[in-house]
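Right, one structure below, let's go through it.
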Amino acid sequence: MDLVTPEKVAVRAGLPTPLDAGVRAAIDEAIEDAFAEAATYLCRSPVPETFTQRGVVPDGRGGWLLNHEPVIEVLSATPETHPVTGAPTGAFTLVYRAGLDPETDSRYGRVLRRFVTWSAAASPIVRRIAQEKGIRLITSVNVEGQGVTYEPGQAGAGSGVAGAPPTLADLDEWVGHTVYQRPGRGAHPIETGAAWL
Numbered sequence: 001m002d003l004v005t006p007e008k009v010a011v012r013a014g015l016p017t018p019l020d021a022g023v024r025a026a027i028d029e030a031i032e033d034a035f036a037e038a039a040t041y042l043c044r045s046p047v048p049e050t051f052t053q054r055g056v057v058p059d060g061r062g063g064w065l066l067n068h069e070p071v072i073e074v075l076s077a078t079p080e081t082h083p084v085t086g087a088p089t090g091a092f093t094l095v096y097r098a099g100l101d102p103e104t105d106s107r108y109g110r111v112l113r114r115f116v117t118w119s120a121a122a123s124p125i126v127r128r129i130a131q132e133k134g135i136r137l138i139t140s141v142n143v144e145g146q147g148v149t150y151e152p153g154q155a156g157a158g159s160g161v162a163g164a165p166p167t168l169a170d171l172d173e174w175v176g177h178t179v180y181q182r183p184g185r186g187a188h189p190i191e192t193g194a195a196w197l
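Read left to right, the sequence shown gives residues 1 to 197 (this note's numbering).
What follows is the structure, encoded as structure tokens:
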């Protein structure tokens, strides 16, 4: 999936194209870092992954109870057999793709693409390359009373101004929330004195 290419990051960072192999490798590293940052914030992969789940029993309504969602597609469902007798167990091994999909959810795709592109362009790796190529990134330098200052030339991240860099908060809508339930049976309302609804 070419959601964000090194060329798109280079354009955002002001780097000349075509890119040589060393610059391309550095930008690829910055893109990976930006995707990893998004994954950490979202509590799941920002792009679809393939999962294998064993011991899945049909739910009785023509579906499966799977650990990862949203399910994009089931790639295979293989009946499992008992290791000794070879008899069918009624369970299946499923291989399926699940997760956030920027290709089918265009709104999410635009937000993720924008975040990753800006983050990669602003990474120290890419900024150092831009500085080496003579692109004005210096904000302020003073030596023996002589100084030079360049304005950043862009609005602050998250300011809401058109063209401003995005923040991780732009991905809030797609954050996966983890639910924890203590193991075991919960107390009956009569045991706790809680009101019946």
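From the three backbone atoms N, C-alpha and C, an ideal C-beta is built for every residue, glycine too. Here the structure is a predicted model, which is why all the values come from computation and not from measurement.
- Taking 8 Å as the cut-off, the beta carbon of E73 is found no closer than this to the beta carbon of R107.
- With a threshold of 16 other beta carbon atoms within 10 Å, G62 falls short and is exposed.
- DSSP links T117 through a beta bridge to no other residue.
- Per the coordinates, the alpha-carbon of L19 lies some 7 Å from the alpha-carbon of E7.
- The beta carbons of I31 and V116 sit closer together than 8 Å.
- Annotation: the continuous alpha helix (DSSP H) that includes A38 extends over A21 to L42.
- Counting the other Cβ atoms within 10 Å of the Cβ of S123 gives 16 or more, which makes it buried.
- In the same chain as G109, and ignoring 5 residues on each side of it, the C-beta atoms closer than 6 Å to its own belong to P102, in chain order.
- Annotation for R12: the continuous alpha helix (DSSP H) segment containing it runs P6 to A13.
- Between the alpha carbons of V9 and R113 lies a gap of roughly 10 Å.
- For the pair W118 and R12, the CB atoms are nearer than the 8 Å cut-off.
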